[in-house]
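Residue numbers are given in numbering that gives the first Met the number 0: position 92 of the sequence shown equals residue 91, and the series is strictly consecutive. Here a beta-carbon is modelled for each residue, glycine too, at the ideal position from N, C-alpha and C. Here is the structure we will look at.
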Amino acid sequence: MGKTHINIIVIGHIDSGKSTTTGHLIYKCGGIDKRTIKKFEEAVEMGKDPFKYAWVLDKLKAECEHGITIDISLWKFETSKYYVTISDAPGHRDFIKNMITGTSQAYCAVLIVVAGVGEFEAGISKNVQTREHALLAYTLGVKQLIVGVNKLDSTEPPYSQKRYKEIIKEVSTYIKKIGYNPDTVVFVPVSGWNGDNMLEPSANMPWFKGWKVTRKDGNATGTTLFEALDCILPPTHPTNKTLHLPLQDVYKIGGIGTVPVGRVETGVLKPGMVVTFALVNVTTEVKSVEMHHEALSEALSGDNVGFNVKKVSVKDVRCDNVAGDSKNDAPMEAAGFMAQVIS
């Protein structure tokens, strides 16, 4: 039996180093080749050397020039238990709607907070992204949380245990207020730039004896951020329900045609199926289904996929439409809905 597929979103303040941490993790896990890293390193004339591992994710030209993440970046790698799709959410307030799109599709959030003096306080202050991202994650149904305390190498003195304890106390207080139980949350001190406690225990923090979570579904212990990913509780896959696949985007690919992309929320998507898109009431046949450029005979709940459809233009369907089995309880427009408003 294959590994379970999980979706993870990395969130945090714009200057927390989350893109660097995520990129370093992907690189160390074999999700990016050394040739690509070398290509980015050769671009030092752009003055972005501190963003080396973030370049793994920042594919858009505008992102590279500004050194920030604008859209959701999706990458894959494997742990001993899971096949992981990891998303790096933009930390800049101007792109918060892009962060919401990625978070709504995740099973677990990795919140990166920065340990530097003054930097943590700026990131956790009222109405700043650290708080906003954590609140949005919980509200959007992401009930599992990992907290990476980043840039421990920049504390005074470097790798300060005292500073780490101050931060986890402050973060624990806040996340408890919004609904998380700190006892079920992994806290791990890391350096996304140097790689401390990413895949292997850091020799720079001998005081850190590891993390522990206590929960009714089973306790877990470990030392690194990588190990924390394996302690994520696996998602349930409601394949017995009808197909519902909200679209994240729609692409026109040369030589292939129209390719909607999104996560299968319920049911199964297969080549040859006839699907209907609500709210536009477009019906078509699925020609092929792919995940990370690999063809699938079927996509299950939780899979992030792209699927080619027959005789449909990119103008016919759009982001936020929902694909469903046209022959079995196809999704329909709702007359109304209940919502929780967050201010």
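- Below 8 Å, enough C-beta pairs join the region 299 to 310 and the region 263 to 278 to call them touching: three or more.
- Beyond the five residues adjoining it in sequence on each side, glycine 209 comes within less than 7 Å, by CB distance, of Thr220, Gly221, Thr222 in the same chain, given in chain order.
- Inter-segment contact for the region 199 to 213 and the region 231 to 246 is absent: fewer than three beta-carbon pairs are separated by less than 8 Å.
- By DSSP's assignment, alanine 105 forms no beta bridge with any residue.
- Going by beta carbons, leucine 228 and isoleucine 145 fall inside the 9 Å limit.
- The alpha-carbon separation between serine 18 and leucine 295 amounts to approximately 29 Å.
- Between valine 258 and glycine 271, the C-beta spacing is not below 9 Å.
- By the C-beta density criterion, valine 185 is buried, having at least 16 other C-beta atoms within 10 angstroms.
- Just so you know, the alpha carbons of asparagine 307 and threonine 241 end up roughly 20 Å apart.
- Below 8 Å, enough C-beta pairs join the region 314 to 323 and the region 273 to 292 to call them touching: three or more.
- When DSSP states are grouped into helix, strand and coil, valine 316 belongs to the coil group.
- Shown here for glutamate 332: same chain residues with a beta carbon closer than 8 Å to its own, the five before and five after excluded, namely Ala277, Leu278 in chain order.
- Between the C-alpha atoms of alanine 108 and valine 187 there is a straight-line separation of about 14 Å.
- Taking the C-beta atoms as reference points, threonine 3 is found no nearer than 9 Å to tryptophan 74.
- In the three-state DSSP reduction, glutamate 332 falls in the coil class, being neither helix nor strand.
- Exposure of alanine 334 is indicated by the presence of fewer than 16 other C-beta atoms within 10 angstroms of its C-beta.
- C-alpha of lysine 326 to C-alpha of valine 260: approximately 21 Å in a straight line.
- Under a 10 Å Cβ-count criterion, asparagine 196 is classified as buried, with 16 or more other Cβ atoms of the shown protein chains found around its own Cβ.
- Between isoleucine 10 and valine 83, the beta carbon gap of about 16 Å keeps them out of contact (Cβ cut-off 8 Å).
- For lysine 80, no beta strand (DSSP E) run applies, since DSSP gives it neither H nor E.
- In this structure, DSSP gives lysine 326 a state outside helix and strand, which the three-state scheme calls coil.
- Using a Cβ distance threshold of 9 Å, isoleucine 123 and glutamate 169 count as a contacting pair.
- DSSP places phenylalanine 186 in the strand class (E or B) of the three-state scheme.
- Beta-bridge partners assigned by DSSP to arginine 214: none are found.
- From the listed residues Phe336, Ile177, Gln339, Leu224, the smallest Cα separation to threonine 129 is found for Ile177.
- For the region 198 to 272, the full-length alpha helix (DSSP H) segments reaching 4 residues or more read 224 to 229 along the chain.
- Here tyrosine 250 is exposed, its C-beta having fewer than 16 other C-beta atoms within 10 Å.
- Here the alpha carbons of lysine 211 and alanine 105 stand approximately 22 Å from one another.
- A distance below 9 Å separates the beta carbons of tyrosine 163 and valine 148.
- Taking C-beta atoms under 8 Å as the contact rule, valine 316 and leucine 244 fail to qualify, at a distance of about 11 Å.
- Within 10 angstroms of the beta-carbon of glycine 16 lie 16 or more other beta-carbons, which makes it buried.
- In this chain, the beta strand (DSSP E) harbouring glutamine 143 covers 143 to 149.
- Residue Ala114 holds the alpha-carbon nearest to the alpha-carbon of serine 153 among His132, Ala114, Lys161.
- Across the set Glu289, Lys309, His291, the C-alpha of Lys309 shows the shortest separation from the C-alpha of valine 273.
- Per DSSP, the beta bridge partners of histidine 4 are Tyr82.
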